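Visitor: Structure in structure tokens, see below.
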Amino acid sequence: MTDLVITRIFDAPRHLVYRAFADPDQLAAWFGPVGWSVPRDTIDMDVRPGGKQVFTMVNDDDPSMASPVNATFVEVVENELIVGEEDVSHIPDFGADKLRLRIEFFEEEGGRTRLVVTQSPFPEAMADGAREGWGSSFTKLDKILA
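For the sequence shown, position 123 matches number 123 in the UniProt record's numbering, and the numbering has no gaps at all.
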């Protein structure tokens, strides 16, 4: 098990990048790697400590392939930090029952935002695929923020 850490600079102000994670309409517009999407009607979010984040990522070519997310927000600081814990006990070979996701938003020069995503504990065997998935999702988010 490892900590999966992904850093990305977005050419958009911090409050807009934060909103892309906290607003269900925006999340539906970009979340999931290319070839996957999150139907808006599957999203139920209450972005506050103790609030839930529930949605389903669906394969665009084969909707029977789906990946449900059921998480609880444990720490939220508007425009700065979102921390959640996801039940991953249903994922074979994951090696843990809970996955902690920490999303940090930092102001950068020129109105840009540095995003740092940390997932832990994370199985090393799944890390490369997860990095590719986040990268692909962030390419979609770049277009939304442009």
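For glycine and all other residues, C-beta sits at the position ideal for the given N, C-alpha and C.
Quantities reported herein were computed from a predicted structural model and do not represent experimental measurements.
With DSSP as the reference, label Pro92 as helix, strand or coil.
Guide: As a first step, residue 92 is located in the sequence shown; it is residue number 92 there, counting from the start. In the three-state scheme derived from DSSP, where H, G and I count as helix and E and B as strand, Pro92 is classed as coil.
Visitor: Keeping to the same chain, check which residues put their C-beta closer than 8 Å to that of Met1; ignore five residues upstream and five downstream.
Guide: By 1-based counting over the sequence shown, the position of residue 1 is 1. For Met1, where only same-chain residues beyond five positions count, the Cβ hits under 8 Å are Gly95, Ala96, Ser120, Pro121, Phe122, Pro123 and Glu124.
Visitor: Express the C-alpha separation of Asn70 and Pro92 in angstroms, rounding to a whole number.
Guide: The count along the sequence shown starts at 1 and reaches residue 92 at position 92. The count along the sequence shown starts at 1 and reaches residue 70 at position 70. Taking the straight line joining both Cα atoms gives about 16 Å.
Visitor: Please report the residue range of the alpha helix (DSSP H) in which Gly133 lies.
Guide: To locate residue 133, count along the sequence shown from 1; it is residue 133. Counting along the chain, the alpha helix (DSSP H) containing Gly133 begins and ends at Glu124 to Leu145.
Visitor: Would you please state the rounded distance, in angstroms, between the beta carbons of Leu4 and Ala130? I believe it to be under 8 Å.
Guide: Position 4 of the sequence shown, counted from the start, is the residue given in the question as residue 4. Position 130 of the sequence shown, counted from the start, is the residue given in the question as residue 130. So it is a contact: roughly 6 Å between Cβ atoms.
Visitor: Quick check on Arg14: does DSSP put it in helix, strand or coil?
Guide: The residue given as residue 14 occupies position 14 in the sequence shown. Arg14 carries a helical assignment under DSSP once its states are collapsed to helix, strand and coil.
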